[in-house]
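If you read the sequence shown in the numbering used here, its first letter stands for residue 314, the second for the next number, and so on.
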Amino acid sequence: MKKVVKILVGVIIAIALGIGGIGYMQHKEHEEMVAIATSEEAKAVYKEMILFEDPEAFTDKGIVTSYTIDTDSLYYNPMGGMEVTLFINGEKELEFQCGIVENDKGQLESTGYVYTAELSELFKEGQHE
314 MKKVVKILVG VIIAIALGIG GIGYMQHKEH EEMVAIATSE EAKAVYKEMI
364 LFEDPEAFTD KGIVTSYTID TDSLYYNPMG GMEVTLFING EKELEFQCGI
414 VENDKGQLES TGYVYTAELS ELFKEGQHE
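Structure follows, in structure tokens:
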């Protein structure tokens, strides 16, 4: 009976260590994604994409005056790179999603972007003024 209890305790400890290890690895991976997404190099890529849609962004005349990075929604794309969500002007309904990837030279670059219909309308209105 003591042998069965020892085996059971050993199995439970092994399972607990495995679960803890997986949780730790996921936490480290998320920290790495946050570091990349909030880096100055990544911010330059975001700015380039936003300026393509709103050439007067980050000025008094622009639609986009600021953005915040949603670090909770970061994830690695199975096709490569990382997906990042930006909230334009601090408004969650003005969502700008973009992909970033490291190129052959080790620099971050865009893999494309999409944005919400609400933000699209603002961009369209800005082009007609």
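Every residue gets a Cβ at the ideal spot worked out from N, C-alpha and C, and that includes glycine. Values in this document were obtained by computation on a predicted structure and should not be read as measured data.
Asked: Thinking just about the alpha-carbon of each residue, which of GLU434, GLN410 and MET395 is nearest to the one in ILE376?; Found: GLU434
Asked: Just verifying my parser: in three-state terms, what is the DSSP assignment at GLY412?; Found: strand
Asked: I'd like the list of long-range same chain contacts for TYR428, defined as Cβ closer than 6 Å, with 5 residues on each side in sequence excluded.; Found: PHE409
Asked: For GLN420, tell me which candidate among LYS437, GLY439, GLU404 and GLY394 has the shortest Cα-Cα distance.; Found: GLY394
Asked: Count the other C-beta atoms from every protein chain shown that fall within 10 angstroms of the C-beta of THR398, then say buried if there are 16 or more, exposed otherwise.; Found: buried
Asked: From SER386, PHE371, MET392 and TYR388, pick the residue whose C-alpha is nearest to that of TYR380; which is it?; Found: PHE371
Asked: Exposed or buried, what is ILE326 when buried is set at 16 or more other beta-carbons lying within 10 Å of its beta-carbon?; Found: exposed
Asked: Can you tell me whether DSSP reads GLY323 as helix, strand or coil?; Found: helix
Asked: Report the rounded CA-to-CA distance for SER423 versus HIS343, giving the unit in angstroms.; Found: 20 Å
Asked: Check each candidate in ASP367, GLY412 and LYS405 and name the one with the smallest Cα separation from GLU438.; Found: ASP367
Asked: Taking only the alpha-carbon atoms, compute the straight-line gap between ALA329 and GLY403 and give it to the nearest angstrom.; Found: 40 Å
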